[in-house]
Structure formats: C-alpha cells, structure tokens
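Asker: Chains as they are written, first to last, in our numbering: chain C, 1 to 213; chain G, 1001 to 1475; chain W, 2001 to 2659; chain X, 3001 to 3306.
Heads up, the beta-carbon is just placed ideally off N, CA and C, and yes, glycines get one too.
(1) Rounded to a whole number of angstroms, what is the C-alpha to C-alpha distance between residue 2557 of chain W and residue 3122 of chain X?
(2) Can you give me the C-alpha to C-alpha distance between residue 1053 of chain G and residue 1015 of chain G, rounded to a whole angstrom?
(3) Rounded to the nearest angstrom, what separates residue 1286 of chain G and residue 1421 of chain G at their Cα positions?
(4) Can you tell me whether residue 3003 of chain X is buried or exposed? The criterion is at least 16 other CB atoms within 10 Å of its CB, across all chains shown.
(5) Along the chain, where does the alpha helix (DSSP H) that runs through residue 67 of chain C open and close?
(6) At a cut of 8 Å, does the region 1021-1036 of chain G reach the region 1202-1222 of chain G through at least three beta carbon pairs?
(7) Taking the alpha-carbon positions, what's the residue 2352 of chain W to residue 2382 of chain W distance?
(8) Measuring only between beta-carbons, confirm whether residue 2519 of chain W sits less than 8 Å from chain G.
(9) Could you name each continuous alpha helix (DSSP H) segment of 4 residues or more that falls completely within the region 2452-2523 of chain W, going from the start of the chain to the end?
(10) Can you look up residue 1052 of chain G in the DSSP assignment and give me helix, strand or coil?
(11) With three or more C-beta pairs closer than 8 Å as the rule, is the region 141-151 of chain C touching the region 1076-1091 of chain G?
(12) Would residue 196 of chain C and residue 130 of chain C be called neighbours here (beta carbons separated by less than 8 Å)?
(13) Can you tell me the Cα-Cα spacing of residue 2205 of chain W and residue 1401 of chain G, whole angstroms?
(14) Give a yes or no on contact between the region 3211-3225 of chain X and the region 3005-3016 of chain X, applying the rule of three or more CB pairs nearer than 8 Å.
(15) Residue 3059 of chain X by DSSP, collapsed to three states: which one?
(16) What alpha helix (DSSP H) runs, 4 residues minimum, are completely inside the region 2528-2577 of chain W?
(17) Along the chain, where does the alpha helix (DSSP H) containing residue 1328 of chain G start, and where does it finish?
(18) Helix, strand or coil for residue 2615 of chain W? Go by DSSP, reduced to three states.
(19) Starting from residue 2058 of chain W, follow its DSSP beta bridges and name the residues at the other end.
(20) Could you check where the alpha helix (DSSP H) with residue 3293 of chain X kicks off and where it finishes?
(21) Using 10 angstroms around the beta-carbon of residue 2656 of chain W, count the other beta-carbons present and answer buried if the total reaches 16, otherwise exposed.
(22) What first and last residue would you give for the alpha helix (DSSP H) that runs through residue 2160 of chain W?
(23) Can you find a CB in chain G that lies within less than 8 Å of the CB of residue 2005 of chain W?
(24) Around the Cβ of residue 1344 of chain G, are there at least 16 other Cβ atoms within 10 angstroms (buried) or fewer (exposed)?
(25) Could you tell me whether any Cβ in chain W is nearer than 8 Å to the Cβ of residue 1411 of chain G?
(26) Counting only Cβ pairs nearer than 7 Å, list the residues of chain G close to residue 2635 of chain W.
(27) List the DSSP bridge partners of residue 2582 of chain W.
(28) Considering only DSSP beta bridges, list what residue 1186 of chain G is partnered with.
(29) Please determine whether the Cβ atom of residue 3171 of chain X lies at a distance below 7 Å from any heavy atom of the ligand FMN.
(30) For the candidate residues W:2357, W:2391, W:2620 and W:2390, whose alpha-carbon lies nearest to that of residue 2375 of chain W?
(31) Less than 8 Å between CB atoms is the rule here; does residue 3101 of chain X satisfy it with respect to chain W?
(32) Under 8 Å: do the region 3137-3152 of chain X and the region 2428-2445 of chain W share three or more Cβ pairs, one atom per stretch?
(33) For the region 1368-1384 of chain G, which residues have a beta carbon sitting closer than 9 Å to at least one beta carbon of chain W?
(34) Quick one: is residue 3296 of chain X near chain W, going by C-beta distance under 8 Å?
(35) Report buried or exposed for residue 1328 of chain G, applying the criterion of at least 16 other Cβ atoms within 10 angstroms of its Cβ.
(36) With 7 Å as the limit, tell me which residues of the region 3132-3151 of chain X have their beta carbon closer than that to any beta carbon of chain W; keep them in chain order.
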C-alpha cells in the first residue's frame, strides 16, 4: 500500500502545475476536485492498518473536496454568470515560473528539516509546502473572486497533506473539526460571493478596491 | 464547568435567534454577558479541574485572560441595547446571536489547552464575526467582510500549518507527538530545533494575522472603519487578545525549549514594525475610525515588543493587554456615538464635538490621552514597565525607537482627536441628548483604566506575576 | 510635610467640589479660590520652616507594583519653589474667580476651576516627589491640566493650535525626561539611587544629563525649545498665563537643578547654562520687541527672564567648579531671587494684561491707548509692573539682576582672560538685554496706557472690579517690598546652596550688596516722591489745551506713534532671521489700488526650523500610503511574503549556524 | 564725621547743584565765539531756569500724572548719578561695589519715564523722539558699561570711586592705549546721551529731526525748567566721568579741584567745538557711530583682559 504513496504525491504536484497553467475556470475547479480525490486515497494509503477511523476521514475528505465544494463553486459560477476564463493579473507563464520556483524552494526548505519516522526522506513535506505555495500564488495573482476561493481550497489541501503524516498522532476529532471548518469557511465565502456579485455586478477585484488610504 | 463557560453564550445566542421581539433580543446580550461574567468570577476563584483529559483547562495564563475577555465583553454588551434601539430599522437577529457566539468562541480559545481545539476556536470566532462586520449592509462593509474573511482564512490556514509543524517537531524529536500544551511543554527540550523554529515562524505569521501585526495588518483599517463601533471594540479588545494568548502559548513553548532568544528577537522585530507602520499611517489620517484601527495595530505591536523584550517587560505586556482592551473600549464606543451623531467618519466633517456631544467628546479626548499612555492612566505604567525592561536588557536602540514611534503616534492621533473634539461653536448648535447607556459603559472603562494607572490591586498583581512567570518558563 | 499633604487634599477636594457645583458658575470659582487660598495657608508654613533651616522631611509610601513605592520629601530646593507656587496660585485663583465671572452665563465654569486646582496640586506633587515615577506622573498631570486650561476658549482656531503645539512640546519634553530617568534608573528610581548611578562616570551619564536639560528646557522655555510658550500664554485666560509664566516654567528650572544633583559635573553646567541663558535672554527680548499682542510680548519677556535666571545659575555652577564660594553664592542667589522676582513681576503683568483685556476687550496693542485715564488703578499697577520687569532700580526686578551682575563682574575681573572675557561680555549682553527691555516695556505701557485711544474698545474701556485690582495690588506691594526684604532672605538660602554643591557658601558678599541696594532703593523712592510733589506744586498753575502738533489744527489718534513704528528702529537692527517677515506688495501703476501690509510675526524658530522639518516628515509618511491601496491580492501577498521571507531567513541562519 | 569732611561733602553738593547749568553756558558761548557772535552771557542758563520756574504752564488734555513724573524722575536720577560719580580728585558722595551698574540702570529709569512722558502727550513727534531715543540707547548702553568694565578690570576695583581714583594713574602708565579707547568711546556715548550734534541737534526748530528736544516738546514753564536742569546735571555726570579718566590728579586737594573744574570747562568747550565743526548725522548712520563706540570699548576690554 505504501508503494502508492510517492506517485500520489507526484500527481498532487502535477495538479498544482496544471492549476497554475489552466486558463479556464471550469478546468481549475475540476483540477481541485482531482486533487481532493488524490488526498482521499492518500489518507487511506498513509497508514498500514485500515481502521474504521482512517476510512472515515478518507471518505469525508473525498466527499467534501471532490464533490460538495466543486458543485458549490460550479453553482456559484453559473449564478454569477461571469466570463468563463480566469484573468490572471500577471499572465499564465509567469505564474507557472513562480510556481516552479516555489516548488524548488519547498524542496530546499524541507531538506533542512530532519524527517524521522516511517516516511524517511519521503515527498510529504515538499509536496505539502509546494501545494501551499501554489494555493498562495493562485490567491494573489487571479483577478476573479471565485478563483481566489479555489486558491484557498488548494492551500487547505497542502495543509491536509502534512496533516496526514501526523494522522496517528492527531485524534479523529480534530481532523473532522478541520474539515468541518473548511466546509463552513467555503460555504460562508460562497454566500458573501453572491452578495458581492449582486452589489458590484461583477466579482472583479478592481471593483473591490474602494477601501483604501 | 469550563465547558459551561463556552457553551453558555452560544446557547444564549441560539435563544437570541429564536426570540421574536427585538427589544428582548437586544437585552439578551447584556444578560448573557452578566451570566458569563458571574461564571468567570466563579471559575477564577474556585479553579475547576481540567475537562476532556486536559483539553479544557484553566492555567495561569487562562486565569488572567478569561476575566479580561468577559469583563470587556460585559462593558460592550451594555452598550448594545442603546445602540440597537437607535437603529430600529436594522434586523438584529443575526447581530445578537453572532455577538454572543463570538463571546463563547473567545472563551473557548482562552480555556483550550489543545492546539487543534484552540485553532478551531479562533476559526469559528472569525466566521462568527463576519456577519457582525456586515451589519450595515453597505457595499463598503461588504468589501470589508470579504477582505476580512480572505486574509483571515489565509492567516488561519498558516496557523494550522504551523500547528502541524509543531506536532511534527515533537514527532521527529523522537517523542510521540501530542497537541496538548502540557505534553508539548514537558518534552519541549527534546523537540527538534529546526522544526520548532519553522513552526514558530509560521505560527507567528498565522496568529499575527489575527492579532493584526504588520505586515499582516492590512485588513484592520478596512474592517474597523466599516464595522459598527461595538463590534470594533469586541474585535480589538477580545479577538485580538485571544490571538495574543495563542501566541503567548507558543512563546512559552519556545522558552521551555530553551530557544527563548530566537523567539524574542522575532517578536521585537514584528513589534517595532507594527508600531512603525501604525505611526506612519496615523499622520494626517482622514477617518477617525481607521485611526482607531491603526492605534490597535500600534498597541498590538507594543504588547508583542514587550513579550519580545522579556523579563519585567512581559509583566508590562500582560498589564498592557488588560489596559488596552478597556482603553480601546472607551475610544470605540465614543466614536460610535460621534459617528451616529454627525453621520460621517471623516475628520473634515466633524469638529467642535465638545459643543454638541459634550459627554462623548470629553470621554473621547480622555480616551485619547489614556491610549497614548499619558501618566494618570494605566497604559503609562505598562508602557513604562516595557521600556524599563528594554533599558534593563540593554536594548537601547529598541527602547529609543519605541519612545520615538510612540511620540509620533501621539502627534498623529492627537491632530485628529483635537480637531474632532475642539472647534468653533456654530450659532445654531445646541447640546444634544445622549442616552445614558451609550455613555456609561465608556465611562466605566475609562474609570477602570484610570484606577489601574494609580493602584494595581494585589490580587490582580498576583495574577499578572503568575502569568508572566508561566510565559517566561525556563527549561 | 503634613501641611503640604493636607494642602494637596484640600486642593483636590475643592477641585472636585467646584466641578460638581459648576452649573452655578460663581459658586464653582468661589470654592476653587477658597481651596487654593487654604492650600497656600497650609503649605506655606511648611516651606518657610524648611527654608529657615528646619530639617528636611522624607516620607516613603509603599504602593502596589509596578510602582512599588512612592517617596515624598520637602528639602530646601523644593521648599524654595513651593513658596511662589502657593502664593501666586492663591492670588491668581482669586483674580480668576472675578476674571471669568462675566462668562458665567455662557460657559460651565466648573471645568476651569477644577483644572486650575488640579494643576496647582500636580505642581505641588512634582515639587514633593522624591522618586522618578511619582515625579513623571505628577509632571504629566500638570501638563494635561494646564493644557485644558490653555484651551479654555477653544472656539478660536489659534487657541486650538496653541494648545496643540504646547501638547506636542510637553510630550516630547516628558519623553526626554523619562529617558533620562530610565538611563539613570539601573539601581532604582528613588532620587538617591539616581544620584548614586549618576556618580558612575561614562557616556550614559552625560547623555542622561543632556536629556534632562533638553526635557526640562522645553518646559522652562530655553530658547530653541521655547516655541510653545508665546502661543500658549497668549491663548490662555490671563490668570492661567500668569500662573504658567509665574510658576509652571519655573518647574523647568527646578527640573534642571534636580538633574544637576543627579548628574553632578558629568555635564559642564556652568558654561552650558551661561551660554543658553545669554542666548535665551537676547533672543527672548529681541522677539518681544515687535509683538502686537501684549500677552505674546509678555511671554517672550518670560523667555528672556528665564534666560537671565539661567545666567545667574550658570555663574553659580561655574564658580562652584572653579572653587570660589563667595562668587557661587552671588550667582546662585542672583539666579534664585530672579525666579522669585519674576514670579511676582510677571504675575502682576499678566494680571494687568488680563485687566486691560477685560476692560478694553482687545489684546491688540494697535487698538489700545489712553487706558491710564480710563482705568487709573490698573494703569498705575501696569506701569509699576513694567518698571519692575524692565529691571529698573527701585523695584525687585533689578535686585536679582544686580546680584547676577556682581557675580559676572567679579568673576570676569578676577579670573584669567580665557574665562574672564566671556563673563565680561556676558555682562555687556545682560546690559543690552536690560536696555532693550526698557524699550520693550516703555512701548507696552506707553502705547497701551498713554496717549489717546486708537480703537473704540479702548475709548469705552471701564476699570476692572475690586476683585481683580486687589490681587494685583498685593503683587505690586511684593514688588516694592522685595528689594528691602532681600538682605534678610540671603542666609535663608545657604542650605539650598549646599544642596547645589557649594561647599562653604558665604553669603556675606551677597548680603552687603543687597544692603547697599536697599539704601539705593530708599534714596530713589524718597527722592522721586519729594521731587514729584515739588514739581507738581510748581506746575499747579496750568491751562488745558490740545497737544502741540506743530500748528496742525486737527490731530487724530491715528497720527500717534503705533507699537510697530515705536519698535521699528530697533527691529531693523536685529539680525535677519529674528525679524518678522513683512511683505508689502509693490505697485507701480499710476493710480495704485489700496494695498495692505501683512507682517508674519510667527516665531522665527517655528517658521524657519520646526515647521519645514515636520511638514517634510509628514509628506514622507504620506508617501507610505500606497501600501494600503485597497487591492486584496496585495494584502494576501504581504502575508505570504511574510511567511516565505521569514522562514527563509530563519532556516538559512540555522543552516549556517547563525548566532 | 569731622568738620573738615562735612565741609568737603557740602562743597561737593554745592558743585553738583551749581556747576551743571554753567557748562551749558560755556557750550553756548563757545559756539557763538566760533560763529563770530558775542553769544549769550555765561550765566544765561541760570536766568532761563529761574524764569521758567516762575511761569505758569500749558498741559495737553490727553496727559496724565506720568507727564509730570517724567521730568521729576529724570532730575532725581541725574542727581543720584551725580552723587555716585567721583568729584574733584576725591571720592564720590556715595560709593559701593558695583555702583557703575546702578548708575547705568538709574539713567535707564530716567530714560523710561522721559519716554513715557513723551508718549503720554499722544503726539506723533514725541513718539518719534521716544522711539529714536530708545533705539540709540540700545547701542550706547553696552558701550558705556563695557568702557567702565574695562577700567574696573584694569584696576581690580568694582566701585567708581575705586577705579577712577588714584589707581588709574598706574593704568595710564601700563595700558594707556586702551584707556584712550575707553575715553573716545565714552565721549561718543556722552554726545549720544546728551543730545549733542553728531547724534541730535539741540537747538533745531524742525521737530522731524530732533531726538531729545522733541521728547519734551510739550513740557512748558516749570516742567521744562526741571527738564533743562536735569539734562544739565546729566551732562555734568558724563563730563565728570570723562574728566576723572582723562585727568587723574589727586595729590594736593586744591590742585585736584582746580584740575577737575578746569577739566569740566575743557570738556564743555570741546563739545562746543564739535557742535560748531560738524553737522548732524543722518539718522540711519547714528547706529553706525554708536556701534563704533561699542567697538572701542570692547577692544579696550579685550586688550586689558589679556
């Protein structure tokens, strides 16, 4: 089972690159769903024995990250009737380059940290840190509010990866709490997004800049 | 008993949602606050045993922070009925519920001794405060909420990430990783140093966003500028204090791990940076509510700088948390009155408030002198302790920079406050009626800060010393 | 000491009572005035007892942390400053009660009464405090209370601006003083501990001394730091400016004297105070010459007199370090007496200006004239005040300058040339200041009181009530009596001189000089009275007619010399930077339209130094505004960068074994 | 108090009271002699005084008691100054340490009340005179004090009778150059203070050009008499100072008195000569003249303090 570990982390990294490169909003949301699925499988494979607890977490993760949230975002996308594609502030190629740099930095940084225990020298930390950085890049460079929500989602995925490596230490309750908070967070953001689209007739970041010094 | 501390306000919030009449619902908030305060007093005098195998416990830090939170909430709660009465047309159902829920989540953060639980507490407080900020339903407040949520969530995500780093620092330090503070502190010397350093940095930035330290403070001016005054008071006094409690727990872990020096240098840098940024944006500020936000950033900077200096300054920082939360209460509530009276937040439109709203304007001016650390008020003593600590620790550059920036803040803020309070008396201006309930809470806050400036009661002093010793725990 | 504590209690209680009965107006002022007088009656005996050689008392009160303990004491140095504080405080309280009386209907008189008594109480605590924290707390309460007094009628914009400048200056002053205490406070905050850590040599002690000089110099009004003083005194109600000018700025000098006891001779106090005093005196009187507002002119004259007092103290310190006790006694007695004299004279002058303002409704010199005929009692007292403040012989102004002159002259003629010359030129400087003071105060008295009224306010001026004239008469009596009482007080100062570091203070020289001066006073007074009566008798057969205008039949008041033209001669001789910026648009048309002359009489230091610097600083801060541009992305970028950069720095430092 | 000292003091008082107007007479006679006129009799000032004291006076409607106090205080101050300045080779009537400072400030008191009396009338001319007098005094006073201070420093004593007494003879021999400078400076101060030609024209009729005369324009009859007498005593004071510096003979009493009185007359004649030889300086140049007096005395001070 643990043999599946490394390839899944690599797929997560690939999905990161895809998200940074994709120009259409629909494909970005699809990619985040795929990443959710990978995380679900990862949750199962990360631990030897298949206790009831681990399966529960995995199923919950897949359900939320791959099904509930993407549908929510698709509905929001339809209601707001926005232009379908993603208008990045700095263009796709530069964001890809920064993404790559981020991944390199993640690898270098995790090199400095000793990694004891069962995942000796594994890709967990670099991939987690890289996903977090990708989420941040999406958050800071995409003009649309909905893409920012997706960016936040990818950021949460990155953190979830590191959470998995601690699964045996972290009790089930906290894991569930984290997932629950993620859902509520996204849910509130979606509500606010509807209000924003009704008030400003577009979720473009330019309108949302009235409060300034 | 501790769980009651958390669940009581949330229950009251649920009741507030259900109650039909607006007047009763408005009065539910102060009643909830009184009950919560009574419970707090009971909890502090007869410390209950920890619950849920030490997830909820009342350590020395908790015994100081919980009374501050409930006292501050109590004062703000009594402002709410009069505040809502002045706005009959606004739906207050969600407002009262979220306000009470916020108090509950804040108490959760203060009493939780588990990293993850504390994170959940802070996350829910963010979500609970979002609708409060959106109370005015204007496009500007909508934009403020959106920014608050986005930046808050990114910050909280990093806080979670940092917690995982801390857990894995225990895991990779050769011990079983647990997120309970007692365990973390007990085997702190064995935590692996690089993981701990990375964890502390990410946690500092994560919870720093909730505290409002520079450069993560950018949401504060927008949120405090648009949110209702009483929400601003609760956010500045309550939520920021919870985030500070979380930060203090991690400083304690660093101290216990013998890495105090590393943590302190980071805190000093972020502290001075915050005071500097606040001072820079205070000069010629056009909106007196945004000015309060920068004042909040400045005071968070002062507290973090105090924690960074350590020794006597930690005692000063803790006392400053207490003084600041009540001092902020005075300023926010009086600006609320002035904003409602003049209908505008810009200093250009508001001048000579002393003629129209003598009570609020006088309290606003006294609050200004209190918050900028003029002696008769408590903030002077805490800032004096911090500077004294800095001089004793030989950190002359930091101390001189600290005093210079405080002087700049005084000048920047004073220009705005003096302009608002004093001014020509137009012929038709007459003294307007100010409901007692909008004045009394601010006056009580000011009285408390004034008393703390002259005489710190021994029991409070004991609380402060225990908390300071607790944070400064050496390996 | 117990008298002082009871006085404090009385002051605070009467202040709160005045606030409570504020609505009644007259009741509030009356309560406050009684409180101030009672406090004077209680505190004065204590102070005089300590001055007369009683053993100084010391009280330590244990307090909650973080203050830990508060020490109070009354030693000769504090007692010396308590006397003018309580005396002038009581007199001005009585005057203030009547002065603000006609605003009873419009304003809530509880507040000025409350802050007035609070200010006196705070000043008393400042003088009694024996530890740094109690001192700084009382000092700031004094600043806040006096700030609220200065901005009493804050409806006018220049009053607000004056209050604001005063607040900033005092705040920066307190910051400097606090840093000094912290630098010296390594052993503890009691004054004895500060002195102990002050003896250890090293740069820190000198820096602490300079910080103390600057911090207290702001409050004392030493020249480059005096910018708040003229505006604050012009803005405040007259009895408040009398109190501030008479006592508040003296606490600045008290602070400097305390700093000298802490820091010892790590700072060369003699030359420093001498030069600062000389510059202060010259610049102060030069700026007082062409002021149009009489209260501003009086404020600048306070700057000058503080300069002269500083010169006296400078001579004292210089002589102590040079080891000449008689000279030190002369200098110190001169400087200290000048503080008392200035309290009396300046109090009288500000109360006089208040009475003139009350009567003629204006402070502008060019609107006044002929007030002596319409306000005979106030006029006579103001003329006596101007003679005293100009430092002319029979009155007290000259008594203290006379000792300073002797100190300087003796020092100058005895010492070798490297030290002697500066002292001799200091004598010349003080002489110049004296004669310019004569010009300045003849201008004030002449233009305001004599001649014919220039404005209709002055034409219908009415004499002030007994309540305002009586306090002024008391002060005038002090001014007249002081030169004759001075010889007796000299040996009362010896314990104070010992505290200032003079080993064996021999007050013989000072005593003899003052006795000579007393004889001169008697000769002059008797001569003037006799000759005046004779001359009046000689000129009894007189006929009234118009003033001789060289045959011009219809003279009108505008033809008289105005304040500006009177000072214009000397004003042109002043160095460029001190002159007022007068701009007259030069019209070349054949029939030029009417043109108005605008003189910017703003303080040259503010205009040339402080304002440009502060403006540039504010603009520099303004440029930082783009950080908060409103774009959410940028804000999130800040958070992300904060994480990435800090993590990078930390890990790099750890990786390469940083400190 | 032996009989002989009483006689000496009486003699000094008589000199102080009687001699001053005579100096005015000498000046007038010298100017007349220069102009080829016979000139008024030497005792003319006395006749004027008695005439004026007997006349009635006209007083302006705007004046107050200050108008009368002006001349009175001026006279008292002049007499006090005369009492402090050493007379006829011996000591002054009254000598104490630092009396030259009191002398300067008492003259300041006189200046204060004269100017106040001028402003009291409310006439533009008197205001102009007062303003000019104040400005010139601001520069003359430091010169006066520095001059006396230089001699005080040289002789080591701080009293007028002390340093203008016999000890000045030694200074003449040691530092005669600086003493000459001081004498020149004090001469200029004399001319400025007593409204003599280079600074002010005493008997012009054009009010716009006057300084001292215009201040007493409105004083008539006995008031003008007192003013005149005060001015003459003030002239005597400055002349006596100059004489005691220039002619330090003290030994045989009669010779000292003769030298002193002769010196006074010589100074009066010198003033008359200067007034005849020069015209009045334009007003902006007067400060320059007085500044040179300051420089003389300052230079003397520096030389002596070396």
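Answerer: Once the coordinates are examined:
(1) If you take the alpha carbons of residue 2557 of chain W and residue 3122 of chain X, they lie about 8 Å apart.
(2) 30 Å
(3) Their backbone Cα atoms lie some 15 Å apart in a straight line.
(4) exposed
(5) Careful: residue 67 of chain C lies outside any alpha helix (DSSP H) and carries neither H nor E.
(6) no
(7) 6 Å
(8) no
(9) Listed in chain order, they are 2456-2459, 2466-2490 and 2494-2499.
(10) coil
(11) no
(12) Against a cut-off of 8 Å, the Cβ pair of residue 130 of chain C and residue 196 of chain C comes out as no contact.
(13) 20 Å
(14) no
(15) strand
(16) 2563-2573
(17) Here the alpha helix (DSSP H) through residue 1328 of chain G covers 1312-1342.
(18) helix
(19) W:2073
(20) 3286-3305
(21) exposed
(22) It spans 2157-2184 - the alpha helix (DSSP H) in which residue 2160 of chain W sits, taken as one unbroken run.
(23) no
(24) Under the 10 Å beta carbon count, residue 1344 of chain G is surrounded by fewer than 16 other beta carbons and is classified as exposed.
(25) yes
(26) Ordered by position in chain G, the residues that pass the 7 Å Cβ test against residue 2635 of chain W are 1147, 1151, 1218 and 1219.
(27) W:2599
(28) Answer is none; residue 1186 of chain G lacks a bridge partner.
(29) Ligands displayed in this structure: none; no statement on the ligand FMN is therefore possible.
(30) W:2357
(31) Proximity of residue 3101 of chain X to chain W, defined by a Cβ-Cβ separation below 8 Å, is satisfied.
(32) yes
(33) 1369, 1372, 1374, 1375, 1376, 1380, 1381, 1382 and 1384
(34) no
(35) buried
(36) 3132, 3134, 3135, 3137, 3138, 3141, 3142, 3145, 3146 and 3149
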